[in-house]
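Okay, structure first, notes after.
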Amino acid sequence: MSKFWIIPAVAVAAIVAGIIYTSTATQSPVASKKTVFADGTTISDLRFDSTDSLDKHKLAVMKVARGKESGLSFAVHLNDDKQAIAENVGDFELAKFCTGTDVLTCSIPLSLSGFEHSKSLGVVAYSTPGVQLVVKEGRSDWDGHRAIFPTN
Numbered sequence: 000m001s002k003f004w005i006i007p008a009v010a011v012a013a014i015v016a017g018i019i020y021t022s023t024a025t026q027s028p029v030a031s032k033k034t035v036f037a038d039g040t041t042i043s044d045l046r047f048d049s050t051d052s053l054d055k056h057k058l059a060v061m062k063v064a065r066g067k068e069s070g071l072s073f074a075v076h077l078n079d080d081k082q083a084i085a086e087n088v089g090d091f092e093l094a095k096f097c098t099g100t101d102v103l104t105c106s107i108p109l110s111l112s113g114f115e116h117s118k119s120l121g122v123v124a125y126s127t128p129g130v131q132l133v134v135k136e137g138r139s140d141w142d143g144h145r146a147i148f149p150t151n
């Protein structure tokens, strides 16, 4: 009878190991070094995090250092292998989706199915709708108006 304590102990150890693994494995590595727009706005340290929500959506988490433009928004797209828009994620105002003071941390929700089928994430920065900021440094398309980050 004294040997039966080992079964619950192994079960508890397995559960603890699973919790530790999932908490450390939910962050993917950084997708791209950085992108700098013409006004000095910089996107860096982009990563894709898993969530515990019912729909299991992903979060694109990035650091944003503001440039000269005020009232900046991002249009975000998930792209296919030809960089065509596979899913229009939406437009996101820095003031609503970012936290911090000097360097902001922005969290953009992405659908899991859209993310799994995408090859890249496109980010267009603008303060006036229809007037896109030019990408000065980093990978881009749309004549240099959309920053491109690989998703997998």
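Residue numbers (numbering that gives the first Met the number 0): 0 to 151.
Every residue gets a Cβ at the ideal spot worked out from N, C-alpha and C, and that includes glycine.
Since the model is a prediction, treat every value here as computed from it, not as a measurement.
Through-space distance from residue j to residue i, alpha-carbon basis
i	j	result
GLY99	LYS135	24 Å
ASP101	ARG65	7 Å
SER112	PHE148	18 Å
ALA146	ILE5	55 Å
VAL29	SER1	At VAL29, the pLDDT of 44 sits below 50, so the modelled position is not reliable and the matter cannot be decided from this model.
GLU92	VAL63	12 Å
VAL15	ALA8	11 Å
LEU71	MET61	15 Å
VAL133	LEU58	25 Å
TYR125	ALA85	21 Å
VAL123	LYS33	14 Å
CYS105	THR127	20 Å
ALA37	SER49	31 Å
LYS95	PHE3	54 Å
Beta strand (DSSP E) segment containing residue i, residue limits
i	result
GLY89	84-92
GLU136	134-136
LYS33	33-36
GLY121	119-127
SER52	Unbroken run through SER52: none, as it is neither H nor E.
Residue of the options minimising C-alpha distance to residue i
i	options	result
ASP79	THR104, VAL130, PRO7, SER117	SER117
ASP51	PRO108, SER139, LEU132	PRO108
GLU68	VAL88, CYS105, GLY143, VAL130	VAL130
ASP54	PHE114, LYS81, SER43	PHE114
PHE73	ASP140, VAL11, CYS97	CYS97
GLY89	ALA83, LYS81, VAL75	VAL75
Helix, strand or coil at residue i [DSSP, three-state]
i	result
ALA64	strand
LEU111	helix
PRO7	helix
SER72	strand
LYS81	coil
LYS2	helix
Closer than 8 Å: residue i CB and nearest the ligand GTP heavy atom
i	result
VAL134	This structure lacks the ligand GTP, and indeed carries no ligand of any kind.
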